[in-house]
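Number of protein chains: 4
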Amino acid sequence: MDYQELISEVYEEVNALGLSGKVADYIPELAKVPGDRFGMALVDLKGNVYGAGDYQEPFSIQSISKVFTLTMVFHVFRSKLWSRVNVEPSGNPFNSIAQLEYEQGIPRNPFLNAGALVITDALTSKFENPIQCIREYIDELAGQHCVRINEEVMQSELRHAERNTAMAYFLKAYKNFDNDIQEVVKTYVSHCSIEMCCEELAKSVSFLANDGYSIFANREVLSESHTRRINALMLTCGFYDESGEFAFRVGLPGKSGVGGGVIALMPGKFSIAVWSPELNEKGNSVKAIKALEILTNKLKFSLF
Amino acid sequence: MDYQELISEVYEEVNALGLSGKVADYIPELAKVPGDRFGMALVDLKGNVYGAGDYQEPFSIQSISKVFTLTMVFHVFRSKLWSRVNVEPSGNPFNSIAQLEYEQGIPRNPFLNAGALVITDALTSKFENPIQCIREYIDELAGQHCVRINEEVMQSELRHAERNTAMAYFLKAYKNFDNDIQEVVKTYVSHCSIEMCCEELAKSVSFLANDGYSIFANREVLSESHTRRINALMLTCGFYDESGEFAFRVGLPGKSGVGGGVIALMPGKFSIAVWSPELNEKGNSVKAIKALEILTNKLKFSLF
Amino acid sequence: MDYQELISEVYEEVNALGLSGKVADYIPELAKVPGDRFGMALVDLKGNVYGAGDYQEPFSIQSISKVFTLTMVFHVFRSKLWSRVNVEPSGNPFNSIAQLEYEQGIPRNPFLNAGALVITDALTSKFENPIQCIREYIDELAGQHCVRINEEVMQSELRHAERNTAMAYFLKAYKNFDNDIQEVVKTYVSHCSIEMCCEELAKSVSFLANDGYSIFANREVLSESHTRRINALMLTCGFYDESGEFAFRVGLPGKSGVGGGVIALMPGKFSIAVWSPELNEKGNSVKAIKALEILTNKLKFSLF
Amino acid sequence: MDYQELISEVYEEVNALGLSGKVADYIPELAKVPGDRFGMALVDLKGNVYGAGDYQEPFSIQSISKVFTLTMVFHVFRSKLWSRVNVEPSGNPFNSIAQLEYEQGIPRNPFLNAGALVITDALTSKFENPIQCIREYIDELAGQHCVRINEEVMQSELRHAERNTAMAYFLKAYKNFDNDIQEVVKTYVSHCSIEMCCEELAKSVSFLANDGYSIFANREVLSESHTRRINALMLTCGFYDESGEFAFRVGLPGKSGVGGGVIALMPGKFSIAVWSPELNEKGNSVKAIKALEILTNKLKFSLF
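Protein chains in written order, with our numbering: chain E, 4 to 307; chain R, 4 to 307; chain P, 4 to 307; chain C, 4 to 307.
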């Protein structure tokens, strides 16, 4: 399989389709990103990188960062984590507070905002400087210094963090939050404001396609079982209210962010990151999802 | 791989664990089934059957029947179906009516009761005698005459069908139901009251592990794409509010029923059916799920 | 107080305002009613009638009929009724089924559709021919033969009764429904399809302004305590999601129907019925509510 | 009418019933109050005070304070207020956040916590030192210096204010909150922590029984129309999820607090305050409600 040819073909085909969507605009800084950007990077388990388009241009990884914090927290809490966060798909929007009330303060999964806040809270209990640890952790996973926090995006998100802050207080009311709320929310929006390019992202999640072993960090990052857990969660909950659709059309574990990035994994084969800022109405990148669909079709691959 | 040895080992190991649960009792007929029954049947893509325990004893397939009606309906409606039923996991119980109200009469997926009722309604629009067609269809898939409707279970479910009937009227209020409600509900409880044994079930869903081609019916039952769709739906929504947990622990597409049966598929390899009537609090068979978990561990298989 | 002058003045003033709304159109028969109709009738405790405009033209009383069935059921069930229906205002639409699920099949009050269905079910348990009894009961209260069921409206409502039927099955699933559902729903839509004019309505509810004694039936219809209960329910729940607004603007116990009718009571003084078919967005008659607001202002009356 | 005799009789009768409930314990300071306290004070429109039992012992007024802040805010916002808070009863608990989400950040009424927070936020926009203004305002209404903030209760509530803080952030996310959240929440818990005795409370709400004119402040505190609005709101929403029941059993506008206090009004006649700390399961004082029920029965008074 010539991955470079594959990636290039997919890139061309998607470009030819002329797809469009809407750049996220809930904070002004994200809305500034040019909508026509499009890049893809595939990293095989030997560490070879195959790229196309804007695959070396950094973008805001947003919710993709939840994959990294979830990975980190496994070392701290292991199975105890699951008394604080559930692992089931949610039938509600990613930022709904109503479900949290019905379920008495236990978020349904770690990729909902409420669940990711619990994860960041857990990291804050463990680490003195959690955002610094998160940065170093991702750098190690990528095998290179690459993590930059976009300060403007972060400040802007902080100014619009009321809903997430409400969620954190609500979790605290249910005794599912331990640390200072402003501090945790700041850490949370900071890791959402991380910028990386497709190449760096594909490298940094490579261990999830490799049973937990990172060839870039040269160590087992996660046990095989924990790796499965994260991949299973991505498959069932990784794409907001489009997770079922993605499971069918692409059939790979993956995670999207409102910055237009998507990471996905073919276990035993490769990791991939795709980026294009225009989103569909469910909040997922139009071109990135189409690219992954075409790619798995070309590979004649499907989980199913 | 010696599948017979594998099945026998798994069977012994699960039995040794002494797991227990609670036989479904929402209708008296189901509660009569002896709780200690336990059987497994694996069918490979050549049609070989490997069994253990009570794998030839018929039981009530209940919600597993939704896989068959969903398969049937693909021929009738193809992609048009998805304007009437969504494909996303639900964060609510399988028989919740509240979510149906918030989502304006479009069930979130075809494995919720509301979604399965829409499917049965669609079959009723197409076939003169839908329950007869369903029976013949399953018989054909299994390559043998095997479908029996347990009349007592069916009558008992019919006497307790208020909630499903409410759901059907509610769907009709949203113009998402075309036929006579009593008739459709009767067809629905009839297909839920079908009895089959593990061997028959494993044969009849074999096509889902074989890209849609049934070696028992000697024909392509479903296109490759439709097969993927059903498998993706089973992975994300097949186990009620335990679908995420099952995806992690077992990692196979599958579907459970409150009769204690579970079917699961390893695409390209085999189909399997496991039955044991005692359920956990989420309504899934305790022993069947444990058996599948041990089996995939032994196979060192995981989607992820 | 010259009530005739009062009524005439209010009638003129409301007419001069040129208010408009939208005639109910959820069934075609109701949509046919001319929107410009407007009538008022006030009946004092001596039985004198003071009318203005179309106060002798019959209209569809719709949900106002729930006041009569609730009154009837008090003789049958007395305080036992309150285990089947609650007495608290609802924050949800009159036909919401979600709240019924959260509250386990106990409707929040008897003026919600679900609550009124429970009432009609209770009457069906008691009377052989409940709709006939309801008709005779209202006739007796009005002191004259006046109740007509509009057969076309009734049939049309029956053809659009899916939501109410769903509600009834749902109640039955929670064991809060005893009789044949189709029969009860037919009785329910029949009493909603009763036509009466303002004069007849004002007479028939006169007992609610008179501590339960009807001067037209020449008997105590309801105990003082039960009368208070119904009036309190009307004040807190009588106007769908506008009950709080009505309590403030008018300050009288009352009940509206989507046919454009409103009844209201000044305890110890008079009963009144107002009709005008154009509704505001909450489903209450625009002119009728304005008329009652002006009337209580002129009387310098307020509960508060 | 000899009000002193009336009050004394009611006091004796309630005491003889041996009613009991449960002192609020969601904060430790409230739980310390002896459960057997019981006092009543009635103030007629000439300013005469009639008392029984512990009517001069201060207690935590809690949600009764919402009546005062709502009164204050009328001068500031008048009818513009109603774009920020609705006036309809709620079918959900006083501290539910789910309904707030469904209704897009507009609380259903000013007596829900979310609604009262909006009111306190509005006062914060107007006054430099809002809690000081609230204290002086109530003192003026009572015609005497009487308002004390219990610092321990306040600090304790502040330490348990996560749910209210969550609500405030949520309101801000919907742009229905203008000021610093910590500051407003502190003002809110401060006015909830005010202590007053029955006599002082009855005096301070006397204007609500007197068309808005306070004989203690010697001025019109509120227009007649605004007075009606507040009384109507108390009747439909003043007793959490027992408002309908209270409207029937007592039939007076009133407001309760979890400290065990209840105020109520007979417009044109008197105001009354009753206190007893043991609550029923809906959070209302068992003895206070029974006392008011007996009192209105003795007066043969009913709104209805």
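In this text, a Cβ means the ideal position worked out from N, Cα and C, and glycines have one as well.
Query: Chain-ordered residues of the segment 156-171 of chain P with a beta carbon less than 7 angstroms from chain R; Result: Glu165, Arg166, Thr168, Ala169
Query: First and last residue of the uninterrupted beta strand (DSSP E) at lysine 258 of chain C; Result: 257-259
Query: Which listed residue (C:Asn234, C:Val277, C:Gly260, C:Arg252) has its alpha carbon closest to that of phenylalanine 251 of chain P; Result: C:Asn234
Query: Distance, glycine 263 of chain C Cα to glutamate 284 of chain C Cα; Result: 12 angstroms
Query: Contacts that threonine 239 of chain C makes with chain P (C-beta to C-beta distance below 7 angstroms); Result: Pro92, Thr239, Ser246, Gly247, Ala250
Query: Chain R contact for glycine 108 of chain E (CB, 8 angstroms cutoff); Result: no
Query: Between the CA atoms of isoleucine 67 of chain C and glutamate 203 of chain C - distance to the nearest angstrom; Result: 13 angstroms
Query: For serine 228 of chain P, the nearest candidate out of C:Leu306, C:Asp57, C:Leu48, C:Leu9 (CA to CA); Result: C:Leu306
Query: Among R:Leu298, R:Pro280, R:Asp5, R:Glu131, the one whose alpha carbon lies nearest that of serine 63 of chain R; Result: R:Pro280
Query: Closer than 8 angstroms at the beta carbon, the chain C residues around serine 99 of chain E; Result: Glu104
Query: Residues that isoleucine 197 of chain R bridges to, as DSSP identifies them; Result: R:Ile152
Query: Backbone secondary structure at alanine 101 of chain P - three-state DSSP; Result: helix
Query: Host alpha helix (DSSP H) of phenylalanine 251 of chain C (start-end); Result: 246-252
Query: Residue-level contact to chain R via CB, alanine 117 of chain E, 8 angstroms cutoff; Result: no
Query: Meets three-Cβ-pair contact criterion under 8 angstroms: the segment 238-247 of chain C and the segment 214-228 of chain P; Result: no
Query: Same chain, Cβ closer than 7 angstroms to asparagine 167 of chain P, five either side skipped, listed in chain order; Result: Asn116, Leu120, Val188, Tyr191
Query: Any alpha helix (DSSP H) of 4 or more consecutive residues that is wholly inside the segment 278-306 of chain E; Result: 289-301
Query: Against chain R: residues of the segment 176-193 of chain P by CB proximity under 7 angstroms; Result: Ala176
Query: Members of the segment 247-278 of chain E that neighbour chain R once the beta carbon cut-off is set at 7 angstroms; Result: Gly247, Glu248, Ala250, Phe251, Gly254, Pro256, Pro270
Query: Whole-angstrom C-beta distance between glycine 271 of chain C and phenylalanine 219 of chain C, which should lie under 8 angstroms; Result: So it is not a contact: roughly 17 angstroms between Cβ atoms.
Query: Leucine 20 of chain C, enclosing beta strand (DSSP E) - first and last residue; Result: Run containing leucine 20 of chain C: none in the beta strand (DSSP E); it sits in the alpha helix (DSSP H), 6-20.
Query: Three CB pairs or more closer than 8 angstroms across the segment 120-132 of chain C and the segment 175-182 of chain C; Result: yes
Query: Span of the beta strand (DSSP E) around aspartate 47 of chain E; Result: 42-47
Query: Alpha-carbon to alpha-carbon, alanine 169 of chain P and methionine 157 of chain C; Result: 49 angstroms
Query: When R:Ala176, R:Asn95, R:Gln7, R:Leu295 are compared against glycine 257 of chain R, the one with the closest alpha-carbon; Result: R:Leu295
Query: Given asparagine 51 of chain C as reference, the closest of C:Phe273, C:Val277, C:Lys290 once Cα atoms are compared; Result: C:Phe273
Query: CB contact below 8 angstroms: alanine 205 of chain E versus chain R; Result: no
Query: Residues of its chain near proline 113 of chain C, where Cβ-Cβ distance is below 7 angstroms and the 5 sequence neighbours each way are ignored; Result: Lys69, Leu73, Val88, Ala119, Ile122, Leu236
Query: Neighbour list for alanine 235 of chain P in chain C, Cβ cutoff strictly below 8 angstroms; Result: Gly247, Ala250, Phe251, Gly254, Leu306, Phe307
Query: Top-ranked residue by Cα proximity to glutamine 102 of chain E, from R:Ser93, R:Ile109, R:Gly108, R:Gln107; Result: R:Ser93
Query: Where the segment 28-53 of chain R meets chain P: residues whose CB sits under 8 angstroms from a CB there; Result: none
Query: 8 angstroms Cβ cutoff met for proline 61 of chain P and glutamate 186 of chain P; Result: no
Query: Beta carbon proximity, arginine 151 of chain C to chain P, threshold 8 angstroms; Result: no
Query: Residue interval of the beta strand (DSSP E) (run including leucine 225 of chain E); Result: Element bounds for leucine 225 of chain E: n/a, residue is neither H nor E.
Query: Chain R within 8 angstroms of asparagine 364 of chain E, Cβ atoms only; Result: The structure shown does not extend to residue 364 of chain E, since chain E spans only 4 to 307, so no value can be given for it.
Query: Interface residues of chain R facing arginine 222 of chain E [CB-CB closer than 8 angstroms]; Result: Residues of chain R passing the Cβ test: none, with the nearest at roughly 20 angstroms.
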